[in-house]
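The sequence shown maps to residues 89 to 342 in our numbering. Built from N, CA and C at the ideal position, the CB exists for glycine as well. A short write-up of the structure that comes next.
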Amino acid sequence: METAMRSAWNTAGSMAAPPVPAAGPTSCPGSSIPRLKRPLCITRSAGRFRKTISWMPRIPTGPCSGMIQQGTWCPRPTRKGKTTYYDYDALSRLVSVTDPNTGETRYAYDDRDNLTSLTDAEGNVTRFAYNRNNQLIRETRPLLQKTAYSYDGAGNLVEKIDAKNQKTTYGYDDTGKLFEINYLAVSTDTVPAKTVTFTYDAIGNLTGYDDGTTTGTYGYDALAQKVSESVNYGPFTKTNAYTPTLHKKCNFES
């Protein structure tokens, strides 16, 4: 028998109380929390889990709204919301998502938990292949467009060839930081159509980039928090300054 658990959420989107048994064995009522998608009901049956997400398009009014502010479950009838269902297997892997229009997206995995296929609601299938290190090496889209990936001995992505046969290569320094990306028009080209380079400070913070058209520089304080960034677009430069919490403080162009 399935057992449904009901959760209460506050308006900040945090769980206000641990899940408690719902009134009925499988009841998953609509959410009373406005404009938030949060798990409202979780059911378990035969090793599979189902999580229900409900969304209410407007803020309720009246006595009920005070209870919502406190994160308490509100029994007041509300306008019917939109519901999305998430199904998991016994290993807690997401295996299907059913949208409010009953469209189902399905996911399949190998014995190493790598996602091997994704089937959308229209039946289109995208497949994924991996090497022995569980690194993605090939992605095949529904119309058989293929993207291939290659890695170095340290596990860094070093090459990507997309469905248009365009190649992108990636270069890393001795510490594994990305310092160069080369974009080639076709996989057989040896001269990149575009190159982007990156620079870092002694402790690994990104200090700048240059893509041949624009350049960017980044400044940090003694705690390695970003405090400024400046992007030179050629005709003009845009600069942003940040507070220590990374909130943008001001910006100006010159």
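Burial state of residue i (16 or more Cβ within 10 Å)
i	result
residue 252	exposed
residue 272	buried
residue 330	buried
residue 219	exposed
residue 321	exposed
residue 121	Reliability fails at residue 121, whose pLDDT of 40 lies under 50, so the model's placement of it is uncertain and the value that follows must be treated cautiously. When all chains shown are included, residue 121 counts as buried.
residue 164	For residue 164, the predicted model reports a pLDDT of 38, less than 50, meaning its position is unreliable and no value from the coordinates is stated.
residue 110	The predicted model places residue 110 with a pLDDT of 46, which falls under 50 and marks its position as unreliable; any figure quoted below should be read in that light. Residue 110 comes out buried.
For residue i, three-class secondary structure by DSSP
i	result
residue 331	coil
residue 210	coil
residue 279	coil
residue 236	strand
residue 180	coil
residue 252	coil
residue 286	strand
residue 220	coil
residue 302	coil
residue 226	strand
residue 343	This structure cannot settle anything about residue 343, because the visible part of the chain is limited to 89 through 342.
residue 215	strand
residue 186	strand
residue 261	coil
residue 175	strand
Cβ neighbours of residue i in the same chain (closer than 7 Å, five flanking residues each side left out)
i	result
residue 188	170, 171 and 172
residue 260	244, 266 and 267
residue 196	204 and 205
residue 345	The question about residue 345 has no answer, for the chain in this structure spans 89 to 342.
residue 242	264
residue 246	238, 239, 240, 257 and 258
Residue from the options whose Cα sits closest to the Cα of residue i
i	options	result
residue 186	209, 218, 178 and 199	209
residue 265	256, 244 and 207	244
residue 319	295, 309, 310 and 311	295
residue 229	215, 242, 222 and 240	215
residue 287	276, 303, 274 and 278	303
residue 262	174, 240, 181 and 182	240
residue 285	277, 274, 257 and 212	257
residue 223	248, 315, 292 and 232	248
residue 221	279, 206 and 237	237
residue 278	255, 246 and 179	255
residue 275	307, 235 and 292	235
residue 231	211, 242 and 246	211
Cβ of residue i within 8 Å of any chain D Cβ
i	result
residue 282	Going by chain labels, chain D is absent from the structure shown, which holds only one protein chain.
Delimiting residues of the beta strand (DSSP E) encompassing residue i
i	result
residue 320	314-320
residue 231	Where residue 231 is concerned, there is no enclosing beta strand (DSSP E), given that its DSSP letter is neither H nor E.
residue 267	266-272
residue 295	294-298
residue 310	No beta strand (DSSP E) contains residue 310, which DSSP labels as neither H nor E.
residue 196	192-197
Cβ-based neighbour list, residue i, same chain, cut-off 8 Å, excluding 5 preceding and 5 following
i	result
residue 282	270, 271, 299 and 300
residue 290	none
residue 199	none
residue 201	179 and 181
residue 292	263 and 265
Cut-off 6 Å between Cβ atoms - residues of its own chain near residue i, not counting five sequence neighbours on either side
i	result
residue 217	225 and 226
residue 207	194 and 213
residue 305	296 and 318
residue 233	251
residue 191	209
residue 307	315 and 316
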